[in-house]
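Contents: one structure, followed by commentary.
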Amino acid sequence: MDKGNDILVRISEKKSALSSKQQQLADYILRNYKTAAFQNSTKLAKLAGVSGSTVIRFAEELGYRGFPDMKSALHRILQKEINTVEAFLSTDEDEKTITIKGGFFQPCIDSFQKAEKYLSMESIGKAAEMLASARNVYIVGFLGSSFLAEYMSYFLSRIRKDVFRINTWDNAFFNLMPEGDFERDVALIYAFPRFPDMTLRLAEFFSKHKVPMVCLTTIYQNQISDMAELSIGVDIEYRTYVDHMTPVLYVSEVLAKKVSKLSPKDSVKQLERFEGFNRDMQIFTPQ
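In the working numbering, the protein residues as written are 1 to 287.
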């Protein structure tokens, strides 16, 4: 067993002191932790053959604040290990819940409430200051994070100049980089597991050239967040093969709004340029 899998080590060490039903639950999780990580407390209790209250007490016995915290600890393991096929087969997504009127957005609401508990508004404020004052802003995000980088690039470029979406590692990227004074620039990197090697290589490049980095990632540290000057942890749900990134999207929106408020005159000027360009080029269809 990998000692880095803290919750599994914790279960093994505390198992002998638990009640018989809690030991039964412990055995189930140790054998099926990849499945257990995607269950709610009721479903996990049913799978393990114990009561719902046993699941709650079990989490507390392990030293967690409740079942959601224990589930997050299991997710931390899966971020390194699980593949999309396993996630798809393990999910307990209840289609009846999301199709009932009034329940469609409930999983999304729950994820926002969970993410808010760990979110640092101080870090968001500092990140906005860095993005507002930077000479150039480089935005990085690949695969499952590519839409986040694209979203942020589009809206941030409407309120400030010199925003560059980095989506490749070639001469095009090389030509974007200035000749010096890299400390005046900022790289905004979306690094959610499993992020590709390209993301890490770009982060290492920025670190080597002393480009300050803002890392949007999970609440757990990784190689990129360790290199970053500032890391914003967003506790996202890994329910299925589709990662639930809505809270990250909203954090990006808030960041862009805060940047605009820090330099209101420049933001208005850039927005006017944006609208003028769209008008001249007839980018949008007439309403």
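Think of the CB as a built atom: it goes at the ideal place given N, C-alpha and C, for glycine as much as any other residue.
It should be emphasised that the depicted structure is a prediction, and the values quoted were computed from it without experimental measurement.
In the three-state scheme derived from DSSP, where H, G and I count as helix and E and B as strand, residue 245 is classed as coil. By a beta-carbon distance limit of 8 Å, residue 186 does not contact residue 148. Their separation comes to about 16 Å. Counting only runs of 3+ residues, no beta strand (DSSP E) is found wholly inside the stretch 2-59. Judged by beta-carbon spacing, residue 192 lies beyond the 9 Å limit of residue 139, meaning their Cβ atoms are not closer than that value. With the rule of 3 Cβ pairs closer than 8 Å, the stretch 107-126 does not count as touching the stretch 155-166. According to the DSSP secondary-structure assignment, residue 76 is paired through a beta bridge with no residue. With fewer than 16 neighbouring CB atoms inside 10 Å of its own CB, residue 143 falls in the exposed class. Short of 8 Å from the beta carbon of residue 120, and not among the five residues preceding or following it, lie these beta carbons of its own chain, in chain order: 232 and 233.
Residue environment for residue 166: buried (at least 16 other C-beta atoms within 10 angstroms of its C-beta). Following the DSSP letters along the chain, one finds residue 164 inside the beta strand (DSSP E) bounded by residues 163-166. Taking a cut-off of 8 Å for Cβ pairs, the stretch 15-32 and the stretch 51-62 touch, as three or more such pairs fall below it. The alpha carbon of residue 219 has as its nearest neighbour, out of 211, 209 and 230, the alpha carbon of 230. Residue range 186-191 is occupied by the beta strand (DSSP E) that includes residue 191. In this chain, the beta strand (DSSP E) harbouring residue 216 covers 213-217. About 7 Å separates the CB atoms of residue 207 and residue 213; that is less than 8 Å, so the two are in contact. For residue 41 against residue 49, the beta-carbon gap comes to about 14 Å, at or over 8 Å, which does not count as contact. Residue burial is scored here from C-beta neighbours: residue 282 has fewer than 16 other C-beta atoms within 10 angstroms and is therefore classed as exposed.
Residue 177 and residue 65 have their C-alpha atoms spaced approximately 46 Å apart.
Relative to the Cα of residue 134, the nearest Cα in the group 150, 118, 153 and 184 belongs to 184. The alpha carbon of residue 27 has as its nearest neighbour, out of 34, 11 and 129, the alpha carbon of 11. DSSP, reduced to helix, strand and coil, places residue 233 within a strand of the structure shown.
For residue 180, the closest alpha carbon among the candidates 155, 151, 211 and 258 is that of 211. Only exposed fits residue 268, as fewer than 16 other CB atoms lie within 10 angstroms of its CB. When rounded, the separation of the alpha-carbon atoms in residue 37 and residue 78 is 8 Å.
Note: residue 137 is bridge-paired with 163 and 186 in the DSSP secondary-structure output. Here the alpha carbon of residue 217 sits roughly 13 Å from the alpha carbon of residue 246. Straight-line spacing of the CA atoms in residue 29 and residue 7 works out to 10 Å. Per DSSP, reduced to three states, the secondary structure at residue 181 is coil, with no helix or strand assignment. A straight-line Cα-Cα distance of about 23 Å links residue 126 and residue 200. With a cutoff of 9 Å on beta-carbon distance, residue 205 and residue 145 are scored as not near each other. Here the alpha carbon of residue 67 sits roughly 28 Å from the alpha carbon of residue 252.
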